[in-house]
Amino acid sequence: MQDTLRQAISDALARFGLVAGEIALEQPARRAHGDLSSNVALTLAKQAQQPPRQLAESLAQQLNSAELSHVESVEVAGPGFVNFRLSDSWWQSVVEDVLTLGVDNYARLDFGQGIKVNLEFISANPTGPLHAGHARGAAFGDALAQILKRCGYDVSTEFYVNDQGRQLKLFAESLRAVKDGTPLPEDGYRGDYVVEWAQELNDEVDDLRRWARDKSLADQQQTLSKLSISFDRWFNESELVETGRVHALLEELLAQDKAYEKDGATWLRVSHYGDSQDRVLVKSNGDLTYLTPDIAYHADKLSRADQLIDIWGADHHDYVTRLKSALAAIGEDTSRVEIITCQIVKLMRAGTEVKLSKRTGDLISIDELIEDISSDATKFAYLQQTPDSHLTIDLDVLRESSMENPVYYVQYAHVRACAILRQAAQLGAAGSGAGAGGGTETEAGGSGTRLELLNHERELELMRLMRNLPDELQTACTARTPHRIVAWLKELASAFHGFYHDCRVTGNDVPEELTQARLSLVKAAQICLAIGLHLAGVSTPERM
RNA sequence: GCCCUCGUAGCUCAGGGGAUAGAGCGACGGCCUCCGGAGCCGUGUGCACAGGUUCGAAUCCUGUCGAGGGCGCCA
14 MQDTLRQAIS DALARFGLVA GEIALEQPAR RAHGDLSSNV ALTLAKQAQQ
64 PPRQLAESLA QQLNSAELSH VESVEVAGPG FVNFRLSDSW WQSVVEDVLT
114 LGVDNYARLD FGQGIKVNLE FISANPTGPL HAGHARGAAF GDALAQILKR
164 CGYDVSTEFY VNDQGRQLKL FAESLRAVKD GTPLPEDGYR GDYVVEWAQE
214 LNDEVDDLRR WARDKSLADQ QQTLSKLSIS FDRWFNESEL VETGRVHALL
264 EELLAQDKAY EKDGATWLRV SHYGDSQDRV LVKSNGDLTY LTPDIAYHAD
314 KLSRADQLID IWGADHHDYV TRLKSALAAI GEDTSRVEII TCQIVKLMRA
364 GTEVKLSKRT GDLISIDELI EDISSDATKF AYLQQTPDSH LTIDLDVLRE
414 SSMENPVYYV QYAHVRACAI LRQAAQLGAA GSGAGAGGGT ETEAGGSGTR
464 LELLNHEREL ELMRLMRNLP DELQTACTAR TPHRIVAWLK ELASAFHGFY
514 HDCRVTGNDV PEELTQARLS LVKAAQICLA IGLHLAGVST PERM
């Protein structure tokens with residue numbers, strides 16, 4: 014539709030000897046201004062050497078005489094906007110599109126062209142359960158993966174397990190100290206789970222670090238499965254070290270004089286590649302820094318995918334430049350590496366901020382969150398804002414209030430749609446003759462369904478939103494903003510509840526043909542709600 | 001001191017060059033002989049500040065103020 018209009022505008026402009034670059038078409042904030050609007054007359058006024066309003070009038074006249082399909086009228090408004098009013102038939106046809114394509118194929122885009130994207134997120138240390146600080150990256154990463162896939166990217170998700178560094182060593186030592194009743198090492202791990210896990214230690218455990226890692230991974234994986242988040246690959250840092258690849262990388266860097274020795278340590282000349290200073294690769298005590306295997310890890314990922322996306326917490330933003338400079342140093346194309354940082358989330362409970370501290374062991378685990386406010390609500394809560402926002406989540410409000418916790422509002426719309434379809438199926442089965450279709454299996458929308466009966470304002474609003482889904486999806490994908498989908502879902506749910514309130518589907522006082530048309534609409538809405546909920550990574554209940 | 005992000009309604013947040021800036025919550029007031037009331041409808045206030053760019057700025061640029069995060073041979 015939009016492409017058709019753009020072409021028409023372009024053709025009309027050509028008649029006046031004008032050439033536009035990008036022709037913007039957007040939905041006006043107010044419906045009174047039409048369904049679609051273009052500002053070409055404003056942007057081209059100078060080139061045309063006439064007032065924007067006058068150019069717009071000429072354009073509108075030209076477009077009106079072109080008799081474009083599904084276009085009711087073209088009007089000029091304001092300083093020179095060209096507004097298109099679309100016919101109901103355009104919105105009604107979305108019902109047919111949705112029913113024909115279904116959950117799997119409506120709003121399935123292909124601009125990703127099968128490009129291989131490797132998406133890494135969470136990558137928590139294997140030193141304990143996942144906690145609230147990981148939840149945003151988890152919800153964001155999972156939703157982004159779903160969105161990228163639906164846009165035609167070949168996505169593989171990955172969790173990097175840092176099982177070589179100081180943190181795991183420290184964690185293992187902490188477990189041992191708790192078990193033996195000796196003092197914790199400096200900066201050691203605290204918290205209830207440390208004590209619990211330490212009690213599970215016995216003499217059969219010969220490699221404490223490995224045991225601690227596996228214990229952590231098992232715990233984290235269980236939490237993720239509660240959140241319905243799965244990874245295509247869990248990548249152990251130790252794999253890079255043990256296969257000698259990190260060692261080979263170091264030798265190569267030294268041979269190329271990109272690394273050098275100083276003060277007993279080995280340094281990488283990242284300051285030549287954009288970083289503010291050189292960085293240590295091997296500490297003077299012989300240990301590797303986090304950076305060294307991470308370079309090898311990203312090089313490995315780059316050999317497996319066209320594009321990398323890393324999702325990090327904002328507390329690591331400083332590391333972005335360091336990693337990219339290091340990758341530039343080894344000759345990688347850093348434009349293939351995208352790093353998204355999510356801002357820290359502040360949690361409130363009982364009116365006060367919940368302080369999270371790894372140092373004191375004062376943490377809220379994701380398991381606790383799920384138990385407190387459910388898995389779907391946890392994911393949805395973290396998905397409502399841009400990753401850039403410094404959001405505050407009030408646990409009490411999430412638990413108690415239904416609209417601060419819109420996942421139920423949206424899911425309830427889906428439940429209602431299913432309930433109506435069930436009801437209709439029962440009535441049909443009762444032998445009313447016409448039959449309301451087979452409930453959720455209804456083929457409504459097929460031949461004979463009079464979609465033109467769907468002209469109530471509530472119905473039109475619902476259909477407009479369904480038409481928008483592909484656009485919303487594209488925006489959410491290219492801008493990496495899953496919250497767009499969530500915002501759209503809330504609007505669609507609202508439109509559905511309004512429709513439900515004002516437009517009865519079944520009943521003796523509803524003409525049979527209208528019932529059929531509305532059943533098609535309900536089925537289409539249910540499909541769209543399911544698509545959106547799926548993209549957000551939450552469930553689609555049929556009853557609540 | 002330097003770097004990143006943010007500052008929009010009483011609260012939590014959308015909107016990120018277009019026309020009269022939105023939603024939920026909270027507050028107040030309506031709607032059940034109704035396919036599930038976890039619902040629907042109505043009522044109010046607001047773009048931190050100052051310059052600049054533009055036909056047009058909440059949106060882009062600069063500065064000021066404020067908030068969060070970061071500036072390790074931690075990860």
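So the mapping is simple: our numbering equals the position in the first sequence, first residue as 1, plus 13.
The beta carbon of each residue, even a glycine, is placed where N, CA and C say it ideally should be.
Note that the structure is a prediction, hence the values are computed from the model and not measured.
Those residues which DSSP pairs with residue i across a bridge
i           : result
residue 320 : 130
residue 144 : 378
residue 90  : 94
residue 370 : 375
residue 535 : According to DSSP, which records beta bridges pairwise, residue 535 is partnered with nothing at all.
residue 26  : For residue 26, which the question treats as bridged, DSSP gives no partner whatsoever.
residue 49  : 97
residue 135 : None; residue 135 has no bridge partner.
residue 103 : For residue 103, which the question treats as bridged, DSSP gives no partner whatsoever.
residue 407 : 361
residue 167 : 129
residue 249 : 174
residue 555 : Beta-bridge pairing links residue 555 to no other residue.
residue 84  : 99
residue 39  : 50
Cβ separation of residue i and residue j, assumed to be a contact under 8 Å, to the nearest whole Å
i           : j           : result
residue 470 : residue 102 : No, residue 470 and residue 102 are not in contact; Cβ-Cβ is about 16 Å, not under 8 Å.
residue 406 : residue 143 : Their Cβ separation, rounded to whole angstroms, is 16 Å, which puts residue 406 and residue 143 out of contact at 8 Å.
residue 310 : residue 173 : 6 Å
residue 496 : residue 396 : 6 Å
residue 287 : residue 334 : 6 Å
residue 259 : residue 305 : 6 Å
residue 140 : residue 229 : 6 Å
residue 411 : residue 386 : 5 Å
residue 621 : residue 171 : In the structure as shown, the chain begins at 14 and stops at 557. Residue 621 is therefore absent and cannot be evaluated.
residue 108 : residue 507 : Rounded, the Cβ-Cβ distance is 19 Å, inconsistent with contact.
residue 96  : residue 23  : With a Cβ gap of about 17 Å, residue 96 and residue 23 do not count as contacting.
residue 72  : residue 84  : Not really, about 13 Å apart at Cβ, beyond 8 Å.
Counted within 10 angstroms of its Cβ, other Cβ atoms place residue i as buried (16 or more) or exposed
i           : result
residue 77  : exposed
residue 280 : buried
residue 261 : exposed
residue 105 : buried
residue 274 : exposed
residue 35  : exposed
residue 457 : Reliability of the predicted coordinates at residue 457 is poor, the pLDDT of 47 falling under 50, and no value is obtained from them.
residue 557 : exposed
residue 338 : buried
residue 524 : exposed
residue 20  : exposed
residue 187 : buried
residue 155 : buried
residue 87  : buried
residue 2   : The requested residue 2 is not part of the displayed model; the chain covers only 14 to 557.
residue 394 : buried
residue 550 : buried
residue 446 : Caution applies to residue 446, whose pLDDT of 39 falls short of 50 and renders its modelled position unreliable; the value that the coordinates give is listed next. Looking at its Cβ environment, which holds fewer than 16 other Cβ atoms inside 10 Å, residue 446 is exposed.
residue 48  : buried
residue 28  : exposed
residue 43  : exposed
residue 30  : exposed
residue 454 : Bear in mind that the predicted position of residue 454 carries a pLDDT of just 42, short of 50, making it too unreliable to give a figure here.
residue 118 : exposed
residue 17  : exposed
residue 231 : exposed
* Asked: Which parts of the stretch 200-231 are runs of the alpha helix (DSSP H), unbroken and 4 residues or longer, counting only runs that do not cross its ends?
  -> 205-212
* Asked: Are there three or more Cβ pairs, one per stretch, closer than 8 Å when the stretch 110-124 is compared with the stretch 226-238?
  -> no
* To do: Tell me, please, whether the stretch 358-365 touches the stretch 137-152 by the rule of three or more beta-carbon pairs shorter than 8 Å.
  => yes
* Length at least 4, wholly inside the stretch 254-329: the alpha helix (DSSP H) runs in chain order -> 258-268, 304-317
* Pick out the complete beta strand (DSSP E) segments inside the stretch 335-366, 3 residues or longer, and give them in chain order. => Listed in chain order, they are 350-355, 359-362.
* Three or more C-beta pairs below 8 Å linking the stretch 540-554 and the stretch 494-506 -> yes
* Asked: Would you say the stretch 433-442 touches the stretch 377-391, given that touching needs at least three Cβ pairs under 8 Å?
  -> By the Cβ test, the stretch 433-442 is not in contact with the stretch 377-391, since fewer than three Cβ pairs between them sit closer than 8 Å.
* **contact_flag[the stretch 146-160, the stretch 477-493] where n(CB pairs < 8 Å) is 3 or more** => yes
* Asked: Does the count of Cβ pairs from the stretch 179-186 and the stretch 200-210 closer than 8 Å reach three?
  -> yes
* Using 8 Å as the threshold, is the stretch 128-136 in touch with the stretch 313-328, meaning 3 or more CB pairs across them? -> yes
* To do: At 4 residues or longer, and completely inside the stretch 460-538: list those alpha helix (DSSP H) runs for me, N to C.
  => 470-491, 496-515
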